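Going by the UniProt record's numbering, the sequence shown runs without a break in its numbering and finishes at 233.
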Amino acid sequence: MRQALTTLVFLLPPSRLKNRLLRRLGHAIPDTAVVGINLVRRVDRFELGEGSLIHHFNLFRDLRLVRMGIGCRIMLFNQIVGDSGYEKGATPTDDLRTLRMGDDSHIISQHYLDCGGGIILGDNAWVTGIRSTLLSHAFDPTNGGVILDPVTIGDRAVVATSCTMLPGTVVGEGALIAAGSTTWTGQEAKGAHLHGGVPARRLAPIDIPRHVYDRARYQGPRDVVAPPNPPSE
1 MRQALTTLVF LLPPSRLKNR LLRRLGHAIP DTAVVGINLV RRVDRFELGE GSLIHHFNLF
61 RDLRLVRMGI GCRIMLFNQI VGDSGYEKGA TPTDDLRTLR MGDDSHIISQ HYLDCGGGII
121 LGDNAWVTGI RSTLLSHAFD PTNGGVILDP VTIGDRAVVA TSCTMLPGTV VGEGALIAAG
181 STTWTGQEAK GAHLHGGVPA RRLAPIDIPR HVYDRARYQG PRDVVAPPNP PSE
C-alpha cells in the first residue's frame, strides 16, 4: 500500500502539500525541496537535502534509496533504475539499488542510470549534457553471472554528454570525461585530468575553476538536519 501511495503522490504537481504527504509516507523531503511530476515504482525511500530539485518526467524504479544532498538537481526525462541489484547471488552491500548524490551535484537530462550496483556522485559532481549511460552491472565473461560494482563520480568531476561508464568506474576528483567517451569495467580515471576516447584514456591535466560550480547553486540555508528513521516494514 505504501509503495502504491508513493507512486500516486509523485504524480502530483510540486507543492508543499506534496512534500508533506511524502513525509507521511516515510520519505525525508524538506519544504525547500521541489519535487516534480515523476513516475516512481517500488522505491523504498527518498532522502532529499534542502533546496534540492527533482524536475518533471523522470522514472525511478526498483530502488532501495535515493539520497540527494543540499542543492542537488535531477532534471528531465532521466531513467534511474535498480532492478539489476536483485540478481540472484548478489553480495549484499550498502550500495545495491542506491543513488547517492553529494551536495550541489547535478544530473541533467535524458540519461540512463543503472543503480543495481549503486551510483555515487560526490559534491559538485555533474552528469551533464544528454544520453549518458552509467552501468553498475554487466555480464561477467570469466565466471558467468553478473558483475555488480558501483560507479563513483568524485567531487567536482564531470561526465560530459553521450558517455558510457561501466561497472566499477571511479572518476577522480576534478576530472572531466570528454563527450562520447567510454570507460572500461573497474577503470580509475585520474583526478584533475581530461580523459577521452573509446576506451577512455588520460589526455591532459585540467583545472576546472571553482567558480564554474557556482552555476545554478542553491543559495538558501545549509543547516543539515538528520533525516528521520525509515518506518519499519
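Ideal placement from N, C-alpha and C gives every residue a C-beta, glycine not left out.
None of these values were measured; they are calculated from a predicted model.
The DSSP-derived three-state label of residue 210 is helix. Residue 43 counts as buried, since at least 16 other C-beta atoms from the protein chains shown sit within 10 angstroms of its C-beta. Residue 51 sits close to residue 71, with the two beta carbons spaced by under 8 Å. Just measuring C-alpha positions, the residue of 185, 217, 93 and 204 sitting nearest residue 194 is 204. Looking at 76, 118, 107 and 81, the one whose alpha-carbon comes closest to that of residue 96 is 118. By the neighbour-count definition (other C-beta atoms within 10 Å, threshold 16), residue 188 is an exposed residue. Per DSSP, residue 6 lies in no beta strand (DSSP E) segment; the continuous alpha helix (DSSP H) that holds it begins and ends at 2 to 10.
When beta bridges are read from the DSSP output, residue 80 appears opposite 60 and 113.
The criterion of a C-beta distance shorter than 8 Å is satisfied by residue 128 and residue 160. Annotated three-state conformation of residue 85 is helix, per DSSP.
According to the DSSP assignment, residue 22 belongs to no beta strand (DSSP E) but to the alpha helix (DSSP H) extending over 16 to 24.
Sequence-distant Cβ neighbours of residue 139 in its own chain, meaning closer than 7 Å and more than five residues away, are 146. Residue range 126 to 130 is occupied by the beta strand (DSSP E) that includes residue 126.
For the 8 Å CB-CB criterion, residue 133 and residue 164 form a contact. The closest CA to that of residue 152, considering only 61, 20, 19 and 177, is found on 177. Nearest neighbour of residue 125 by Cα position, chosen from 62, 14 and 69, turns out to be 69. Less than 8 Å divides the Cβ of residue 136 from the Cβ of residue 167. Per DSSP, the unbroken beta strand (DSSP E) holding residue 42 starts and ends at 39 to 43. Per DSSP, the continuous beta strand (DSSP E) segment holding residue 101 begins and ends at 98 to 101. The shortest C-alpha to C-alpha distance from residue 218 to any of 144, 121, 60 and 32 is the one to 32. Selection 13, 26, 17 and 80 evaluated against residue 1 yields 26 as nearest (Cα-Cα). 77 is the residue among 211, 62 and 77 whose C-alpha sits nearest the C-alpha of residue 55. Counting along the chain, residue 166 sits inside no beta strand (DSSP E), nor does DSSP assign it H or E at all.
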